[in-house]
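Going down the list, the sequences are from chains A and B.
The working numbering puts the first residue of the first sequence at 1, with every later residue one more than the last.
The working numbering puts the first residue of the second sequence at 1001, with every later residue one more than the last.
All residues carry an ideal CB built from backbone N, CA and C; glycine is no exception.
Quick caveat, the model's predicted, so the values are computed rather than measured.
Contents: one structure, followed by commentary.
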Amino acid sequence: MAQLTRFFTYKLAATQGPINLTVTIGNAQSATTSLYMDSKVLTNNARDSFTFDVSDPTTLSGKELDISTTIVDINPDDNEIAFRIKLSGGEAVLNPPSDKLRISTNGVAYFLFKIIFI
Amino acid sequence: MLFRPLFALILVAVAVLIPRTNAAQTLADTAGLTLNLLQIPNSPAFSLMDLAPSTIEEAKVPADFTAFLRNATDSFNTFPRSYGLEFAPWWVFGRDKIDFSQFVSNRLLDNIQQSLTISIGVNHLDDPNLPVGNNRTVQTAFAFKVSLLRGRVEQKHQQIDSLYSLLGAVNDSFYLQIPRWLRTDSIYRYWEDSVTVLRNARPINAQALDAAGTMMNNRSNELLSDSLRFQQQVLDQIAPHYALLKTQAAGFRLNRRGFKLDLGGGIVTDFFNQQVNDAQVTRIGGWLTGSWVFHPKRNSLNISVLGIARLLGNPGQLYQPTDGGILQTDNNLYFDYGARLIVHNGKRFSLSSELLGRQPINNQLIQPATRYVINMDYQLNSTILLSFQFGKNFDGAVTQNGNLITALHLFTTLGRRVAAGGGVL
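The following block contains the structure:
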């Protein structure tokens, strides 16, 4: 079992539009991801890689987006997992490098990413 | 005699490979032996140079990068004279973008991306009719192969849904348990509260928020890396779901069954007398290979039926006309067609037979020809395969005798397989 957290701040654009989130799970492993905005569910257990538009009728400023992802090693010939997020639609694109971890055969990894919009 | 040095070389190579192959074998035994262990390195470059044990090759799992040697020698008394490289560009450069859904799909784009392999093969030929020193031709081939259809994964939708459902339950539990556990730590709690205060303030002090967030994150990773506490405080709380998830993942089989269709092609260039400026393209080819992999029904036998349609162009080919006239040179085009039946015992051994016909397309002076071969393959381990071959080759374009095929091929591969389950492609 491997577990990792990350923290980012994301600067919104002057005129706020939807923020586009891309979650990418690599190495042919399977995963589910839930998104929470200030602890309220935005989407529940989306499978594998996906994109999601984060929008708010009022403002996103000061709000916290939690990305909770669990990955299980299902590819018998590769015990490495790769997890990556990308955010766009704000002042700049947030595209941190992929997090790569080696886990045991049929092992599990958990990622909790916290993003605060400013 | 080169036998002793060659034997020593093989021993050294095997000794070097032992730790790696043992490890691979342990993994394979744990996960259940899958069909891909029975697949030979069916490089399209070797196939184009007529060096592959079989002309009709099974769709195979690509490796991100593989180097292999082939030895089909007289009693192993010479060094390997054929070698090659093969790589799968998408697995080399885009591995971290391939998710499970794409991996198990049979969509055309996913199939092409994940199955495309580029291969290079080199073969050394000696012409006995030329004096030693001027008789060596180096043959090189560049080829590609791609699966247009990969068959369907034998895992049932309900089993996949069940796995994701468990994964979701574990994910929900982690999100519930981990933040709660982290907050039992006073240092973490301090930084998390600081983040909350800073993000609710207006205007937001981005620098201070970043700093507090980084401290909070550092502390959480510090706590999470304490595996004993994590086990007791989090994993034990979700033990039933967690154990079930691991069990289901271990039971997954990703073999593909049903119809598969491969497209291959390439070009062969001969460098006469090993001179770069004395080169000639001697073969250009393209082929479609269709195959059907049946479900094992009885005695765990896996049966595959394959068929091929291949166009081969031979620029400047020297041939003997059927009317017995003088040797001529022409750009001959052939259409090859045939079928192959493969029976695997589900473990290490496979038996196959293939029958091919060759029809000259643009030259009435060349007779049609046939080829039939029986192969017995035995996988010594995940990287070494022995293949015994017996049969009749196509008649030569110049001579019609000497077409008996009898060879023992030893294939050694170095590289990493990228995907599971034999049959994934």
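Cβ contact annotation for glutamine 1113(B) (same chain, cutoff 6 angstroms, sequence separation greater than five): Trp1090, in chain order.
Secondary structure of threonine 1214(B) (DSSP, three-state): helix. Serine 34(A) has its alpha-carbon roughly 9 angstroms from the corresponding atom of threonine 70(A). In the DSSP assignment, tyrosine 1378(B) is bridged to Phe1349(B), Leu1386(B). By the CB criterion at 7 angstroms, valine 1276(B) and isoleucine 1303(B) fall outside the cutoff. Of Arg84(A), Asn79(A), Ser98(A), Val108(A), the smallest CA-CA separation from threonine 22(A) is found for Arg84(A). With contacts defined by Cβ atoms closer than 7 angstroms, isoleucine 1187(B) and valine 1234(B) do not form a contacting pair. Each of Ala1141(B), Val1146(B), Asn1331(B) was checked against the Cα of glutamate 1058(B), and the nearest Cα belongs to Val1146(B).
Each residue's CA atom was taken as its position, placing alanine 92(A) and asparagine 45(A) some 27 angstroms apart. With three or more CB-CB distances shorter than 8 angstroms, the stretch 1137–1145 of chain B counts as touching the stretch 1265–1279 of chain B. Annotated as distal: glycine 90(A) and asparagine 20(A), with beta-carbon spacing of 7 angstroms or more.
For arginine 6(A), the C-beta contacts it makes with chain B under 7 angstroms involve Asn1217, in order along the chain. In terms of Cβ geometry, aspartate 1262(B) and threonine 1289(B) form a close pair [threshold 7 angstroms].
Comparing C-alpha distances from alanine 82(A) to each of Pro96(A), Leu65(A), Leu101(A) shows the shortest one belongs to Leu101(A). For isoleucine 1326(B), there is no enclosing beta strand (DSSP E), as DSSP marks it with neither H nor E. Neighbourhood of alanine 82(A) in chain B, by CB distance below 7 angstroms: Asp1096, in chain order. In the DSSP assignment, lysine 1260(B) falls outside any alpha helix (DSSP H) and within the unbroken beta strand (DSSP E) covering 1256–1271. Among the residues of chain B, none has a CB under 8 angstroms from the CB of methionine 37(A); the nearest is roughly 13 angstroms distant. Residues of the stretch 1085–1118 of chain B with a Cβ closer than 7 angstroms to any Cβ of chain A, in chain order: Arg1095, Asp1096, Lys1097, Ile1098, Asp1099, Phe1100, Ser1101, Phe1103.
Take the alpha-carbon of glutamine 1389(B) and the one of tyrosine 1378(B): they are about 12 angstroms apart.
Partner residues in the beta bridge of asparagine 1314(B), as assigned by DSSP, are Asn1332(B). One Cα belongs to isoleucine 1238(B), the other to alanine 1211(B), and the distance between them is close to 33 angstroms. The contact set of tyrosine 1164(B) on chain A, defined by CB atoms closer than 8 angstroms, consists of Ser30, Thr32, Asn45, Arg47 in chain order.
Contacts with chain B at 7 angstroms (Cβ-Cβ) do not include asparagine 20(A). In chain order, Met1 make up the part of chain A whose C-beta sits under 8 angstroms from the C-beta of leucine 1235(B).
Counting along the chain, no alpha helix (DSSP H) covers phenylalanine 50(A); the unbroken beta strand (DSSP E) around it starts and ends at 50–54. Taking C-alpha positions only, threonine 1117(B) is separated from phenylalanine 1087(B) by approximately 5 angstroms.
Minimum Cα-Cα distance from phenylalanine 1065(B) among the listed residues Ser1119(B), Gln1139(B), Ser1054(B) corresponds to Ser1119(B). Short of 8 angstroms from the beta carbon of leucine 1244(B), and not among the five residues preceding or following it, lie these beta carbons of its own chain, in chain order: Leu1166.
Secondary structure note for isoleucine 1178(B): its alpha helix (DSSP H) is the uninterrupted segment 1157–1182. In the three-state reduction of the DSSP assignment, lysine 1246(B) falls in the helix class, which pools H, G and I.
Residues Trp1287, Leu1288, Tyr1337 of the same chain have their beta carbon placed closer than 7 angstroms to that of alanine 1309(B), with the five preceding and five following residues left out of the count. Linking tyrosine 1190(B) to phenylalanine 8(A) through their CA atoms gives a straight-line distance of about 18 angstroms. In this structure leucine 1341(B) is in contact with serine 1353(B), their Cβ atoms being roughly 6 angstroms apart against a cut-off of 8 angstroms. Looking at the DSSP output, isoleucine 116(A) shares a beta bridge with Thr9(A), Glu64(A).
Shown here, aspartate 1395(B) sits in coil according to DSSP, grouped into three states, outside any helix or strand.
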